[in-house]
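Numbering (our numbering), first residue to last: 14 to 146.
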């Protein structure tokens, strides 16, 4: 299954060579790029070794193309959002935690939600959608 990940603002493609590329600003005012796995529920990341992120730290995610803040404040101040399109061009909202080490991702479409990660209960009630899992 080939999915594309998009900025919700400029619609630029965020996936490159099997990773989702995002710009990050840490609570300690450090800036860097992070590569995320496109597989929902896989929380492996790649970053520069000197770009330190502390577990529990709030991160602000930005589009590396248009620099828009990807915060999903309509759901919760600790969540970010990007779009995903599948091979049929169906569009999904992908919402994920901005707290380092907090593993929760949500795939939203047509008032339905799929949850991934061991911390999904932290925010699942913020969506007003029915769970499919």
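Think of the CB as a built atom: it goes at the ideal place given N, C-alpha and C, for glycine as much as any other residue.
Owing to the predicted nature of the structure, the values given are computational and were not obtained by experimental measurement.
* Who are the Cβ neighbours of residue 96 in its own chain at under 6 Å, not counting the five residues just before and after it? -> Excluding positions up to five away in sequence, the list reads 19, 21, 104.
* To do: Look up residue 99 in the DSSP assignment and say whether it is helix, strand or coil.
  => The answer is coil: DSSP assigns residue 99 none of H, G, I, E or B.
* **Where residue 94 falls, given that 16 or more other Cβ within 10 Å makes a residue buried** => So residue 94 ends up on the buried side.
* Anyone know if the C-beta pair for residue 45 and residue 112 falls short of 8 Å? -> No. Outside cutoff.
* Proximity to residue 39 [Cα-Cα], best of 117, 51, 72 -> The shortest C-alpha to C-alpha distance from residue 39 to any of 117, 51, 72 is the one to 72.
* Given residue 75 as reference, the closest of 133, 65, 52, 33 once Cα atoms are compared -> Closest option to residue 75, Cα to Cα, is 33.
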